[in-house]
Every structure is written in C-alpha cells, then in structure tokens.
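Last residue of the sequence shown: number 472 in the working numbering, and the count goes up by one each step with no gaps.
The beta carbon of each residue, even a glycine, is placed where N, CA and C say it ideally should be.
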Amino acid sequence: MGVLIKNGTVVTAESEFQSDVYMEGETIAAIGKNLPQKDGDEVIDAAGKYILPGGVDQHVHFSFTYNGSKVRGFETSDAAAVGGTTTLIEFVNQEKGKGLIETLENYKASDADGIAMVDYAFHSVMTDPREEVIEEIPKMAEAGYPTMKLFMAYKGMFFHADDDAILKALQKGKEAGVTIMVHAENADMIDVLTKQLIAEGKTAPYYHAVSRPPVVEAEATRRAIYLAELADAPIYIVHVTCREALEEIKQAYSRGQAVYGETCAHYLVLDTEDLAKPDFEGAKYVCSPALRTEEHRKALWEAVDRKWLNAISSDHCGFDYENQKHMGFGEGKSFADIPNGAPGLQNRINILWTYGVCQGKLSPSRLVDLCCTMPAKINGLQTKGRIETGCDGDIVIFDPDYRGTMSVKNNLEGVDYSPFEGFEQKGRPDTVFLRGQKIVESGKYIGQKGQGKFVPGKPFGAAYKG
Ligand code: DUC
Ligand code: ZN
Ligand code: ZN
C-alpha cells in the first residue's frame with residue numbers, strides 16, 4: 007500500500023516539472039508521468055498544486071533559556087508540520103561540567119524522543135571548552151552530530167565563546183568533518199553600547215537595535231572568517247542580517263575560502279522600526295542580531311537569490327510576549343533584560359512564498375534549495391530535503407491558490423503572539439507527508455505526538471564540499 011500523488015508540479019532545487027510521485031513505506035519509490043496505481047494505494051490529485059520536498063529548518067531553539075525564561079519545546083513541533091517543515095535541527099547548549107555528546111543524548115532522551123511531531127537532528131553548542139571537550143569534537147561526528155555552534159555574542163552569559171574556543175573548535179572539527187557555525191556579533195561592542203544606552207535612560211526595546219548595529223555583526227563575521235582561514239577549515243555564519251556582513255562573506259568566498267551562511271525569514275520582512283511600536287509592543291521584535299532596515303533587506307533578498315547565502319531558517323524561539331514585557335518593562339529594567347528571540351517556525355515557508363516567490367524575488371526552485379535541499383546537505387542529512395527515489399517520503403503538496411492572513415490564532419507554536427500578525431498569506435502547505443505518513447490534511451495537523459524520529463547527520467557536510 008503506497009501513496010500516489012498525481013498531476014502535480016514537482017519542484018526541486020534545480021527545476022520544475024509535471025510529474026506523479028509514488029511513495030511506498032517510508033520512502034519515495036518512483037517519480038514520473040502516468041505512474042501505475044496499485045491495489046490499496048491512496049491516490050491524491052495534485053493538479054494545480056506544487057509538490058515540494060518537506061522543509062528542513064536548520065535553526066530552531068526548543069531549549070534556549072535567556073535570563074531564566076525558557077522557550078517552548080518539541081511539544082509544539084506540529085507548528086513545523088503545518089508550515090511545511092518536516093525536519094528540525096535544534097541547538098543544544100552543552101551543560102557545564104558535562105560532555106558534548108552526553109548533553110545531546112540527555113536532551114534527546116528527555117525532551118525530543120517520543121514528543122517530536124516531525125523528524126529532528128541536533129547541533130551541539132559548546133559552552134565549556136575544556137581540553138577534554140575539544141578532544142570530544144571528532145567523536146560527535148561518529149555519534150551523528152556533525153555540526154557545532156559557538157556564540158560570539160552574549161558577554162557574561164555561560165554560552166558566550168571567545169576566539170580561543172572558536173579557533174580550537176575549527177582546528178579539531180575539521181579532522182572529522184564537523185561543521186563549525188558561529189553566531190557572529192562582537193560581544194564587547196554590544197556590552198559597552200548597552201551600558202552607555204542604559205546610563206542615558208535609553209531602555210526601550212528600540213535601543214536593542216541601537217546597541218548592536220551592523221558593524222557589530224560585520225566585525226565578528228570578519229573575525230570568524232580569519233579564524234577559519236588560520237585553521238584552514240570551513241565556517242558557517244548563522245543568521246546573517248546586514249550588507250556589511252554579507253560583504254565579508256562575499257569577499258572571503260571570492261578569495262576561495264569555504265565561508266557559507268544563512269539568513270532567517272524575519273530579517274527579510276521585518277524592520278528596525280518594529281522595535282519602536284508603542285506600548286512596549288516592540289519587545290516582540292527583540293531578537294539577535296537585531297532587525298535591520300530596507301537597505302539591508304534588499305541586500306539579503308539579492309544574496310539568497312544569487313546563492314551568496316545558502317539557507318533560510320526561522321531561528322524560532324517560542325517566548326511569550328507577556329513574559330518579554332514583564333522581563334524588560336519597569337523600574338530598573340531595560341531592553342537588555344528581554345529574552346532574545348521570536349517565534350517563526352510555522353510561517354517560514356509561507357513568508358518566503360508570499361513575499362519571495364509571489365513578488366518575483368525567488369523562484370520556487372530557489373525556495374526549495376534554501377528551505378529544504380541545502381539545509382539537509384549542510385547538516386549531512388542524506389535522505390532529507392529532496393524529491394528523489396530512495397529519499398524519505400517527506401512531501402508537501404502546496405496550494406498556491408490559498409489566501410489567508412497570518413495570525414497567532416492560526417498558529418500551533420504555543421505562544422501568545424506572532425511577529426507576522428496580520429501579514430497577508432498567499433499559498434499554504436495543504437497536505438504534508440512525513441516518511442510516507444500523512445501528518446497534515448487541508449492545512450490541519452493530523453499526525454501524532456512522538457511520530458518524529460532522530461535523524462543522525464553524516465560528517466563532511468556541504469561546507470566541506472565547496
Ligand atoms: N538570537 C535570538 O534572537 N534568539 C536565540 C538566540 C540568538 O542568538
Ligand atoms: Zn544566534
Ligand atoms: Zn538562534
């Protein structure tokens with residue numbers, strides 16, 4: 007018994023073509039015109055619809071804690087499914103005193119296995135760079151964790167990493183094909199500006215952006231690139247947001263260095279001015295790096311279209327607005343106390359379709375490459391993100407004719423707001439399959455808790471391949 011999807015337009019990272027797709031068990035078994043129907047098959051007519059690979063969101067926070075506030079976890083991963091994303095990659099901060107693999111496996115067992123509603127993998131975040139921890143990096147690759155992130159920002163917080171740790175991680179990681187990623191912002195610059203702004207009484211959410219202007223990101227991006235050059239290792243820059251940081255990446259790339267990066271949906275459509283919304287509503291938009299202006303958004307759209315950036319993620323953080331307000335508003339409080347991050351898991355592909363494809367900024371194939379195929383390749387997920395025989399039956403039947411409005415009311419993210427509230431939506435994932443099982447029908451989640459599985463990554467991902 008399989009699933010035969012007929013008459014749709016298949017979109018791959020390279021092209022679009024009319025075809026049927028047949029899934030048997032957990033995998034894609036055939037792609038072609040007029041595929042035969044077998045007894046017991048479910049047949050779906052996808053005429054007028056696109057058939058996309060399930061999305062891979064390589065930048066999600068289901069365990070992040072900021073100033074004691076913790077985000078929602080895998081119990082809200084059905085939001086990914088209805089948004090057309092069937093694989094998530096979560097950043098797990100190493101617990102102090104514990105090993106990298108030990109932390110990942112504890113978290114996996116307690117917070118993901120049996121809970122996740124889509125498939126999942128993990129990036130390690132090194133927070134405690136002792137010698138024995140550095141030595142453990144190559145072993146992560148063998149255990150199915152071929153990526154690691156370090157935070158250059160967040161001075162004084164336990165997850166901040168200095169250049170010493172980044173250089174050692176790059177040197178050690180390349181021995182075993184572990185891709186090193188960085189959150190590139192200069193922590194000292196932010197710290198000085200933040201203290202000065204607060205001393206001047208500039209405490210409102212808007213000053214979050216003033217405390218971390220583009221030069222802060224550009225400096226750290228350039229420094230990370232030089233550290234990678236010294237280590238002769240590839241590097242991946244997460245959430246690139248501004249023209250200046252992009253220039254650093256483009257220049258390094260044209261020198262032949264293996265430097266890659268992603269941006270996130272909110273940096274393409276939201277603005278610094280959102281932080282200035284009255285009645286403390288700006289707290290909803292406190293994320294790091296900060297939201298930018300039109301000039302930077304234009305540069306980012308061009309960069310994703312021209313492959314200077316190779317993925318678009320959500321950087322999803324399920325914090326409640328009520329809590330963000332409580333943390334940052336009132337006597338002695340400031341923007342620096344507001345938990346950093348915004349929800350966006352459910353809307354990533356819808357934002358990119360509505361404001362990218364429908365506005366002529368991205369082709370459907372480019373969207374598939376950025377949201378599905380490349381994130382799988384970067385992270386060594388060999389059966390994800392592609393419509394090819396033998397790949398997992400992760401399929402999205404996308405209805406381009408749907409019209410709606412994005413709102414927290416329609417979200418499964420489990421929080422009390424959406425930064426995209428009121429945004430027009432053109433198109434939506436109508437039906438979604440996870441390894442051959444239907445988990446979304448007519449835009450509604452119909453799967454089960456615990457249906458998602460851990461997908462081990464293979465080392466030497468796309469950043470090693472040029
Ligand atoms: N930035 C955010 O906005 N949230 C999570 C962590 C980060 O670096
Ligand atoms: Zn970050
Ligand atoms: Zn992040």
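Judged by DSSP in its simplified three-state form, residue 292 adopts coil rather than helix or strand. The segment 429–440 and the segment 349–358 touch, with three or more beta-carbon pairs separated by less than 8 Å.
The continuous alpha helix (DSSP H) containing residue 260 extends over residues 249–260.
Where residue 174 is concerned, the enclosing alpha helix (DSSP H) starts and stops at 169–182. Boundaries of the beta strand (DSSP E) harbouring residue 241: 241–243, taken from the DSSP string.
Annotation: residue 279 to residue 288 spans about 8 Å, alpha carbon to alpha carbon.
Annotated three-state conformation of residue 137 is helix, per DSSP. Its chain contains 220, 247, 248, 249, 273 as the residues whose beta carbon lies nearer than 8 Å to that of residue 302, once the 5 sequence neighbours on both sides are disregarded; these appear in chain order. Taking 9 Å as the cut-off, the beta carbon of residue 127 is found closer than this to the beta carbon of residue 387. Of 201, 304, 443, 239, the smallest CA-CA separation from residue 361 is found for 304. Residue 156 is classed as buried because its beta carbon has at least 16 other beta carbons within 10 Å across all chains shown.
For residue 321, the CB falls within less than 8 Å of some heavy atom of ligand 1. The nearest non-hydrogen atom of ligand 2 is 8 Å or more from the C-beta of residue 167. Take the alpha-carbon of residue 308 and the one of residue 372: they are about 12 Å apart. As DSSP reads the structure, residue 467 sits in no beta bridge. Look at residue 232: its beta carbon is at least 8 Å from all of the heavy atoms in ligand 1.
Within 8 Å of the C-beta of residue 68 there is not a single heavy atom belonging to ligand 2.
The segment 140–150 and the segment 65–85 do not touch, with fewer than three beta-carbon pairs separated by less than 8 Å. For the segment 272–354, the full-length beta strand (DSSP E) segments reaching 3 residues or more read 317–319 along the chain. Within the chosen limit of 8 Å, ligand 1 does not reach the beta carbon of residue 397 with any heavy atom.
Distance from the CA of residue 268 to the CA of residue 53, rounded to the nearest whole angstrom, comes to 33 Å. If you look at residue 49, you'll find it in the beta strand (DSSP E) that goes 48–51. Checking the DSSP bridge columns, you'll see residue 423 has no partner listed. Per DSSP, the unbroken alpha helix (DSSP H) holding residue 235 starts and ends at 220–237. Annotation: the segment 71–99 contains the following complete segments of the alpha helix (DSSP H) (minimum length 4 residues), in chain order: 84–88. For residue 108, the enclosing alpha helix (DSSP H) starts and ends at 106–113.
A direct Cα-Cα distance of roughly 8 Å separates residue 152 from residue 129.
The Cβ atoms of residue 374 and residue 18 sit closer than 9 Å to each other.
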